Amino acid sequence: MGKTTTTSNIAVALARGGHRVVAVDADIGLRNLDVIMGLENRVVYNFIDVLEGTCRLHQALVRDKRVENLFLLPAAQTRTKDAVNSAQMEELCAMLRKEFDFILLDSPAGIESGFRNAAVGADEAIVIATPEVSSVRDADRIIGLLESMGKTPIRLVINRLRPNLVRQGDMLEVSDVLDILAIDLLGIVPEDDSVVKASNRGEPLTFTDTSPASKAFQRIALRIAGEDVPFPKFDEDRSSGFFAALRKFFGRTE
Ligand SMILES: Nc1ncnc2c1ncn2[C@@H]1O[C@H](COP(=O)(O)OP(=O)(O)OP(=O)(O)O)[C@@H](O)[C@H]1O
Ligand SMILES: [Mg+2]
Numbered sequence: 355m356g357k358t359t360t361t362s363n364i365a366v367a368l369a370r371g372g373h374r375v376v377a378v379d380a381d382i383g384l385r386n387l388d389v390i391m392g393l394e395n396r397v398v399y400n401f402i403d404v405l406e407g408t409c410r411l412h413q414a415l416v417r418d419k420r421v422e423n424l425f426l427l428p429a430a431q432t433r434t435k436d437a438v439n440s441a442q443m444e445e446l447c448a449m450l451r452k453e454f455d456f457i458l459l460d461s462p463a464g465i466e467s468g469f470r471n472a473a474v475g476a477d478e479a480i481v482i483a484t485p486e487v488s489s490v491r492d493a494d495r496i497i498g499l500l501e502s503m504g505k506t507p508i509r510l511v512i513n514r515l516r517p518n519l520v521r522q523g524d525m526l527e528v529s530d531v532l533d534i535l536a537i538d539l540l541g542i543v544p545e546d547d548s549v550v551k552a553s554n555r556g557e558p559l560t561f562t563d564t565s566p567a568s569k570a571f572q573r574i575a576l577r578i579a580g581e582d583v584p585f586p587k588f589d590e591d592r593s594s595g596f597f598a599a600l601r602k603f604f605g606r607t608e
């Protein structure tokens, strides 16, 4: 769906905007936020070590060298999701709140204890869904759980949108997804090959790239920081101008 991708890109964009940010890998056992952020070589401790008193918070935080104010709090790879409980996660978030402007918690997949623990310490939630029926159905379930936990506002990122498929009627439209889920839209991220390349390089797109997905993540970060950023239309340039004229010529009008 893109939870880890979104967490890393928003974290970098917010930090580049001057905010003090920590990205917490709450996906215990499967940790991969450190890899996506290119910080895996510098992980020594993890947040379970902090909670168990093995180290202090500052020893576990990994500082990013590329952008000031950006930190990663890694997950433990050799522990199971039962290694922490809700009260400990709340305690961890309380510690982090004192030090950071934004705390981004990357949740594991599913609706089990790992998800609940990631959500329990949060003030608000961002749900990531792709415009596919199965993903929207999962998101609906997650939204219900978050509402029952009182984690509001809950805002939606629609990821991996493919305007050409939407136009052909083979992918749900943004408005369809919003009608079904009935939560506020935080952003729309298009399908973009540079996301995969950036993940493999360990360099989130929002560091420098100007690709469509990078721009989308940067707009999301600005909205999180409270700015009113309009939503661009991803197929704007295709529904008018040269491509539209060409489609008309071939009789493929919309
Ligand atoms: N907008 C996008 N365009 C292209 N590829 C994407 C996009 N968003 C995510 N991906 C790719 O989709 C895959 C899954 O993304 P990611 O790891 O962020 O999902 P996740 O929700 O964290 O998954 P998990 O539940 O397994 O932790 C990755 O290979 C990532 O590069
Ligand atoms: Mg993930």
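Under our numbering, the first residue of the sequence shown carries the number 355, and numbering increases by one thereafter. Just so it is clear, CB atoms sit at the ideal spot from N, CA and C, and this is done for glycine as well. Quick caveat, the model's predicted, so the values are computed rather than measured.
Per DSSP, what kind of secondary structure is residue i in: helix, strand or coil?
i, result
"Ala-448", "helix"
"Val-528", "helix"
"Asn-471", "helix"
"Ile-480", "strand"
"Ile-457", "strand"
"Phe-585", "coil"
"Asn-400", "coil"
"Leu-405", "helix"
"Met-391", "coil"
"Ser-594", "Only weak support is given to the placement of Ser-594: the predicted model assigns it a pLDDT of 46, under 50, and the question is left unresolved by the model."
"Ser-502", "helix"
"Asp-563", "coil"
"Asp-546", "coil"
"Val-520", "helix"
"Asn-439", "coil"
"Ala-579", "coil"
"Leu-384", "coil"
"Val-421", "coil"
In chain order, what residues of the same chain have a beta carbon less than 6 Å from the beta carbon of residue i, not counting five sequence neighbours either side?
i, result
"Met-449", "Leu-411"
"Phe-456", "Leu-368, His-373 and Val-375"
"Gly-392", "Gly-556 and Glu-557"
"Pro-572", "The residue you asked about is not Pro; residue 572 is Gln in the sequence shown. Correct list, in chain order: Ala-367 and Thr-560."
"Glu-527", "Val-520"
Relative to ligand 2, is the shortest distance from any of its heavy atoms to the C-beta of residue i smaller than 7 Å?
i, result
"Thr-358", "yes"
"Asn-363", "no"
"Asp-388", "no"
"Asp-381", "yes"
Whole angstroms are fine: how far does the CA of residue j sit from the CA of residue i?
i, j, result
"Glu-394", "Val-490", "32 Å"
"Thr-358", "Val-549", "11 Å"
"Leu-405", "Ala-437", "10 Å"
"Ser-440", "Val-487", "31 Å"
"Ala-483", "Ala-473", "17 Å"
"Asp-403", "Ile-534", "41 Å"
"Thr-506", "Thr-360", "19 Å"
"Asp-460", "Pro-566", "23 Å"
"Leu-600", "Asn-363", "Since pLDDT at Leu-600 reaches only 48, below the 50 mark, its modelled position is unreliable, and the value read off the structure follows with that caveat. Between Leu-600 and Asn-363, the C-alpha separation is close to 36 Å."
"Lys-435", "Lys-551", "29 Å"
"Asp-524", "Gln-442", "44 Å"
"Ile-390", "Asp-492", "24 Å"
"Ser-568", "Asp-546", "9 Å"
What residues are listed by DSSP as bridge partners for residue i?
i, result
"Gly-541", "Val-511"
"Val-416", "Leu-426"
"Asp-379", "Asp-460"
Apart from the five residues just before and just after residue i, which ones in its own chain have a Cβ nearer than 8 Å to its Cβ?
i, result
"Tyr-399", "Thr-408, Cys-409, Gln-413, Ala-414 and Pro-428"
"Glu-466", "Lys-435"
"Met-503", "Arg-470, Ala-473 and Val-474"
Comparing the CB of residue i with every heavy atom of ligand 1, is any distance shorter than 7 Å?
i, result
"Arg-514", "yes"
"Pro-462", "yes"
"Pro-544", "yes"
"Met-391", "no"
"Met-355", "yes"
"Ser-553", "yes"
"Ala-476", "no"
"Val-378", "no"
"Ala-367", "no"
Please list, in chain order, all residues of the same chain as residue i whose beta carbon is under 7 Å from its beta carbon, the five residues on each side excluded.
i, result
"Arg-417", "Phe-425"
"Val-397", "Asp-388, Val-416 and Pro-428"
"Val-583", "Arg-573, Leu-576 and Arg-577"
"Leu-570", "Note that residue 570 is Ala in the sequence shown here, rather than Leu. For Ala-570, where only same-chain residues beyond five positions count, the Cβ hits under 7 Å are Gly-541, Ile-542, Val-543 and Pro-544."
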